[in-house]
Amino acid sequence: MADRPYTLLSCGMSIDGYLDNASAQRLILSNDADLDRVDAVRAGCDAILVGAATVRNDNPRLLVRSQARVDEREARGLTPTPIKVTVTERAELDPCADFFATGDTEKLVYCASETVSDARDLLGPVATVIEGGHPVQMRRVSEDLHSRGVRRLMVEGGGTVHTQFLTADLADELQLVVAPFFVGDSQAR
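Per the numbering used here, numbering of the sequence shown is gapless, rising by one per residue and ending at 790.
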């Protein structure tokens, strides 16, 4: 594992196995205690990774929310929030999305080889765009993150990204929270 970060996958799902519903609004699968747990895990990581679909569908900020945790990170010489990372095959991301617009931290976008030029044109002002292979290879992403000093990586989703890390044997830990309700919608994700 010396060539990649320790990688933990964090996932919330319904009892019937859904990560989200079919509506335009994000499905909340966590309560306050779990959100605080996620915040603590984020604060202890060097980088947080989500897939491009999560950036598009959920518009996450991926910030450490607790001021005490921010202060602790800054006291250790770290940025208030870990590096934000996303992976994309098509590079169809909004440069004004919260992922890019919030937080004083580095943003990295790993994209498929054939989309690097377009991605740099679109996202270059707000992120560092890195070739991730064709298709994007999670092992390559992990190794590059390690070369950038990332020793602890939190992968927050979505389902495709979690599957890619699991099937490539890149996950060291899985934190799975099951919400006590059913989504019950065959169109859900």
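The C-beta atom is built at its ideal place from N, Cα and C for all residues, glycine as well.
Pull the bridge partners of residue i from the DSSP assignment, please.
i      : result
Gly613 : Val778
Cys712 : Thr689, Glu732
Ala648 : Ile684, Leu754
Thr608 : Leu754
Are the Cβ atoms of residue i and residue j separated by less than 7 Å?
i      : j      : result
Ala644 : Val665 : yes
Gly733 : Cys712 : yes
Leu709 : Pro606 : no
Gly759 : Thr655 : yes
Ile731 : Thr706 : no
Asp739 : Phe700 : A small correction: the amino acid at residue 739 is Met; Asp does not occupy that position in the sequence shown. For Met739 and Phe700, no; Cβs fall outside 7 Å.
Thr729 : Arg662 : no
I think residue i touches residue j, with their Cβ atoms under 8 Å apart; what is that distance to the nearest whole Å?
i      : j      : result
Val688 : Ala720 : The Cβ separation is near 11 Å, so there is no contact.
Leu774 : Leu609 : The question names Leu, yet the displayed sequence has Glu at residue 774. With a Cβ gap of about 4 Å, Glu774 and Leu609 count as contacting.
Buried or exposed for residue i, please, with buried defined as at least 16 other CB atoms from any protein chain shown within 10 angstroms of its CB.
i      : result
Glu675 : exposed
Asp659 : buried
Gln668 : exposed
Leu724 : buried
His735 : exposed
Val779 : exposed
Ser611 : buried
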